[in-house]
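Visitor: Numbering (our numbering), first residue to last: 1 to 285.
Glycine residues also receive a C-beta, built at the ideal position from the N, C-alpha and C atoms.
Supplied in structure tokens, the structure appears directly below.
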Amino acid sequence: MSKKLLSIKYQCQQPHCQVFCQKGAILLEESEFERLSARAGAGEGTFKSPSGVCRMGFSQTFKVVNIEEAREAGRQAAGDVAAAGVKAADAGKDPLARLSEEHKGVLKKLDIISRQVLKRDIDGLWHTTAAVENDILLHSIKKEEEVLFPLIEDRVPMGPALITIMKEDHRELIALLHAFRCGLQDGEILDGLVNSLVVNLRNHITKEDEEFFVLIDEYLSLKEREDIFARMKGIEESHIPIVAGDRNKKGLSPYAQDRKKLDAQIASLKSISSVGGEQSCCGGS
Ligand SMILES: [Fe+2]
Ligand SMILES: [Fe+2]
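This is the structure:
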């Protein structure tokens, strides 16, 4: 006999958590759902989170927002799209889908960067990191920060806080990229900086694709999606791409000692965190 699979939309009841998994959807076998609902601390209409779902590693109480059989949910979702004619007709013009597509291009560049670091290909890195810098300017600053974020900031739960986190990520990525490229001009591949850049940018993309965009998706109408898409297209057309230029022609920043110090600090922090214990919680129970 096949096991019944449930599609459950939930809201985490931990009020102090600052990470992005507060709302979400999971698939659970019915028997597992019953077991989690019966656990101590789970009240009426709630269940304890399965292991690994809370990003901070705790067993949280989740409130059920919606629950249905998974096969039924799949049919319903397909029906919704077809009926509304929203995403199906305009999948190619959906700004969130477009941004996620652009993320794939950035991830490919990060793979290239990792290979270039291994090969100590300094000129290759000079060009690839310029392309990533261009992506951050066009995609993250011009499209996300100037077009998308202002529109949804006051609509989504904890919008201003979430957008502050996104913007901080962008600034940190730019700072790492800039310092690393300055090092390349000095003839050095600063491993601490480039490793942080690759890891942080990958994490940022995952955060947007799997959490942030999922969260804001339900707050955008078809008309707004069309407007955002058109504005983003206009920005793309008027954007003047960053080009790598001549690596040997100095000019980015003369503070070589500061870069080396930062690189060494990051390297030592990484070694501590790889040996050290777990992250502390944000107030989880
Ligand atoms: Fe992005
Ligand atoms: Fe971003």
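#1: Should SER31 go down as buried or exposed, given a rule of 16 or more other Cβ atoms within 10 Å for buried?
#2: Measure the CB-CB distance between ASN200 and GLU172 and report whether it falls below 8 Å.
#3: When the Cα atoms are used, what is the spatial distance from VAL65 to LYS104?
#4: Can you name, in chain order, every residue of its own chain whose Cβ lies under 8 Å from the Cβ of GLY159, other than the five neighbours on each side?
#5: Sort GLN22, THR61, ARG231 and LEU6 by Cα distance to GLU69 and report the nearest one.
#6: Whole-angstrom Cβ separation of VAL324 and VAL132, contact assumed at under 8 Å?
#7: Given that a residue counts as buried once 16 or more other Cβ atoms are within 10 Å of its Cβ, and exposed if not, what is LEU27?
#8: Within 10 Å of its beta-carbon, does ALA84 have 16 or more other beta-carbons around it, so buried, or fewer, so exposed?
#9: Within 10 angstroms of the Cβ of LEU118, are there 16 or more other Cβ atoms? Answer buried if so, exposed if not.
#10: Suppose the cutoff is 6 Å on Cβ atoms and the five residues either side in sequence are ignored; what does the same chain contact list for ASP304 look like?
#11: Flag this pair as yes or no: are the beta carbons of ILE216 and HIS170 separated by less than 8 Å?
#12: With a threshold of 6 Å on Cβ separation, who are the neighbours of ASP90 within its own chain once the five nearest residues in sequence on each side are excluded?
#13: Whose CA, out of LEU184, LYS4, CYS12 and GLU34, lies closest to the CA of PRO157?
#14: Could you give the distance in angstroms between the alpha-carbon of ASP246 and the alpha-carbon of TYR10?
#15: Within the stretch 158-240, note down every full alpha helix (DSSP H) run reaching 4 residues or more, in order along the chain.
#16: Here's the rule: buried if 16 or more other CB atoms are within 10 angstroms of the residue's CB, otherwise exposed. What is ALA38?
#17: Should MET158 be listed as close to ligand 2, given that the test is whether its C-beta is under 7 Å from any heavy atom?
#18: Please classify GLY24: is it buried, with 16 or more other beta-carbons within 10 angstroms of its beta-carbon, or exposed?
#19: Among the residues of its own chain, which have a CB less than 6 Å from the CB of GLU102, if the five just before and after it don't count?
#20: Exposed or buried, PRO241, counting other C-beta atoms within 10 Å across all chains shown (16 or more means buried)?
#21: Is the closest heavy atom of ligand 2 to the C-beta of SER140 under 7 Å?
#22: Give me, in chain order, the residues of the same chain whose beta-carbon lies closer than 8 Å to that of LEU177; leave out the 5 immediate sequence neighbours on both sides.
#23: Since ILE8 and ILE67 are thought to touch, with beta carbons under 8 Å apart, how far apart are those beta carbons, to the nearest angstrom?
#24: Less than 7 Å separating the Cβ of MET166 from some heavy atom of ligand 2?
#25: Considering only residues of the same chain and omitting the five flanking positions on each side of GLU29, which have a CB-CB separation below 8 Å?
#26: Which first and last residues belong to the beta strand (DSSP E) in which LYS9 is found?
#27: Give the range of the beta strand (DSSP E) segment to which ASN66 is assigned.
#28: Quick check on DSSP: helix, strand or coil for GLU30?
#29: If you run the structure through DSSP and keep just helix, strand and coil, what is LYS48?
Guide: Looking at the coordinates:
#1: exposed
#2: yes
#3: 31 Å
#4: So the qualifying residues of the chain are ILE152 and GLU153.
#5: LEU6
#6: Only positions 1 to 285 of the chain appear in the structure, and residue 324 is not among them; the question remains open.
#7: Exposed, by the Cβ-count rule.
#8: Only weak support exists for where ALA84 lies, its pLDDT of 39 falling under 50; the coordinates are left without a value.
#9: So LEU118 ends up on the exposed side.
#10: It is not possible to answer for residue 304, since the shown part of the chain is limited to 1 through 285.
#11: Judged by their CB atoms, ILE216 and HIS170 are not nearer to each other than the 8 Å cut-off.
#12: Caution applies to ASP90, whose pLDDT of 49 falls short of 50 and renders its modelled position unreliable; the value that the coordinates give is listed next. Excluding sequence neighbours, ASP90 sits near nothing in its chain.
#13: For the residues LEU184, LYS4, CYS12 and GLU34, the minimum Cα distance to PRO157 belongs to CYS12.
#14: 52 Å
#15: Under the rule that a run must span 4 or more residues, the alpha helix (DSSP H) segments found entirely inside the stretch 158-240 read 159-185, 191-207, 213-217 and 222-238.
#16: exposed
#17: No.
#18: buried
#19: HIS139
#20: exposed
#21: In this structure, SER140 has its beta carbon less than 7 Å from a heavy atom of ligand 2.
#22: Spatial neighbours of LEU177 in its own chain (CB-CB distance under 8 Å, excluding positions within 5 residues in sequence) are listed in chain order as THR129, VAL132, GLU133, ILE136 and LEU197.
#23: 5 Å
#24: yes
#25: LYS3, LYS4, LEU5 and LEU6
#26: Counting along the chain, the beta strand (DSSP E) containing LYS9 begins and ends at 5-12.
#27: 61-69
#28: Correct three-state label for GLU30: helix.
#29: strand
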